[in-house]
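Some notes on the structure that comes next.
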Amino acid sequence: EVQADEKSALEILLIADVKRVKLLEEQKQLEAQLETSRDNDLQDKLRHVYDELKAINADAAEPKARRILAGLGFTSKMIS
1 EVQADEKSAL EILLIADVKR VKLLEEQKQL EAQLETSRDN DLQDKLRHVY
51 DELKAINADA AEPKARRILA GLGFTSKMIS
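Residue numbers are given in the UniProt record's numbering: position 77 of the sequence shown equals residue 77, and the series is strictly consecutive.
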């Protein structure tokens, strides 16, 4: 059972993709660290994260989630 909160159906569906969320958070952290450092290990880790995000087609997650919700009968207002 899902508890009611302020998140939209789209947000709930997107955060359910734990791997994508974890990779996006790791990307954010590595990019922040690289603002003050040019550590080769950090750059390699970031490249690996980019590759993983590309492999799971992370850029298409939101449009795909919108299509799924629309297919389930959610209106645009309900999705957002």
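Built from N, CA and C at the ideal position, the CB exists for glycine as well.
Exercise. Measure the alpha-carbon distance for Ala70 versus Asn40 and round it to whole angstroms.
Key: Going from the Cα of Ala70 to the Cα of Asn40 covers about 44 Å.
Exercise. Could you please give the first and the last residue of the uninterrupted alpha helix (DSSP H) stretch that includes Leu23?
Key: 18-34
Quiz item: Candidates Ala61, Lys77, Ser76: which alpha carbon is nearest Leu13's?
Solution: Ala61
Quiz item: Helix, strand or coil for Ile15 per DSSP?
Solution: helix
Quiz item: Where does the unbroken alpha helix (DSSP H) through Ile56 begin, and where does it stop?
Solution: Note, Ile56: premise wrong, no alpha helix (DSSP H); not H, not E.
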